[in-house]
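S.K.:
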Amino acid sequence: MENQRVPIELDPKLALGLLGHVEFGRVAFVANGLPTIRPLNHVMVSGQIIVHTRHTTAFAQTVRGHAGLRVAYQADEIEKDSRLGWSVLVSGIAGDITDKRRDEKLGPQVRSWMARPLDTIIAIKPLEVTGLRLTIAR
0 MENQRVPIEL DPKLALGLLG HVEFGRVAFV ANGLPTIRPL NHVMVSGQII VHTRHTTAFA
60 QTVRGHAGLR VAYQADEIEK DSRLGWSVLV SGIAGDITDK RRDEKLGPQV RSWMARPLDT
120 IIAIKPLEVT GLRLTIAR
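For the sequence shown, numbering that gives the first Met the number 0 begins at 0 and goes up steadily by one.
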């Protein structure tokens, strides 16, 4: 089979580093007893995933209402034609780190696609990182 794609497991440190090369990902959490997935912009700062959102979003409200909230964050970069690339999944703890000093430093780093003003900064501290690179079998 020519050009067969195969997944190769990535080292967790390398996988986490790949998140710094993309702007978008998806966060998964439980809100009101239901699994919820939302797209978000992010930046990587000191090994943590930083997202800037609105205080009225389901994610922000759930984080504020649950200390030590376990979440999953997934991002990928898959080339459309070749279908080669990578995917990273992070399991971690989300916490609201909004305060004036951090908002001034971290908020502007996240370039949001939302037109509304963003007022809440959430950090996801990774506990487990897995990743796969999709490549051509040799």
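Think of the CB as a built atom: it goes at the ideal place given N, C-alpha and C, for glycine as much as any other residue.
By Cβ distance below 7 angstroms, which residues in the same chain neighbour G53 in space, the five residues on each side in sequence not counted?
M.R.: In the sequence on display, residue 53 carries Arg and not Gly. If we look at R53 and ignore the five residues flanking it on each side, its Cβ neighbours are A59, R115, L117, D118 and T119.
S.K.: Starting from Q47, trace the beta strand (DSSP E) in both directions and tell me its first and last residue.
M.R.: Taken as a continuous stretch (DSSP letters only), the beta strand (DSSP E) holding Q47 covers Q47 to T52.
S.K.: Check A66 in the structure and name its three-state DSSP category.
M.R.: Here A66 sits in coil by DSSP.
S.K.: Can you tell me where the beta strand (DSSP E) with K124 in it begins and where it stops?
M.R.: Run containing K124: T119 to I135, per the beta strand (DSSP E) assignment.
S.K.: Looking at the secondary structure, which residues open and close the beta strand (DSSP E) in which L33 lies?
M.R.: L33 to N40
S.K.: Taking V70 as the reference, which of V42, T35 and L15 has the closest Cα?
M.R.: T35
S.K.: Using C-beta distances below 6 angstroms, list every residue in its chain close to K124, excluding the 5 sequence neighbours before and after it, in chain order.
M.R.: Cβ neighbours of K124 beyond the five flanking positions: Q47, G91 and I92.
S.K.: Of the choices H65, A66 and L13, whose alpha-carbon is the least far from that of W85?
M.R.: L13
S.K.: Hey, R132 and I49 are a contact pair by Cβ (cut 8 angstroms); roughly how many whole angstroms apart?
M.R.: Not a contact, Cβ separation roughly 24 angstroms.
S.K.: Closest to H41 by CA distance: which of T56, R63 and A74 is it?
M.R.: A74
S.K.: Starting from G16 and walking both ways along the alpha helix (DSSP H), at which residues does that stretch end?
M.R.: Its alpha helix (DSSP H) spans residues P11 to L17.
S.K.: Report the option in L88, R137 and A30 whose CA atom is closest to the CA atom of R63.
M.R.: The residue with the shortest Cα to Cα distance from R63 is A30.
S.K.: Are the Cβ atoms of V26 and L39 separated by less than 7 angstroms?
M.R.: yes
S.K.: Could you give the distance in angstroms between the alpha-carbon of R4 and the alpha-carbon of D98?
M.R.: 46 angstroms
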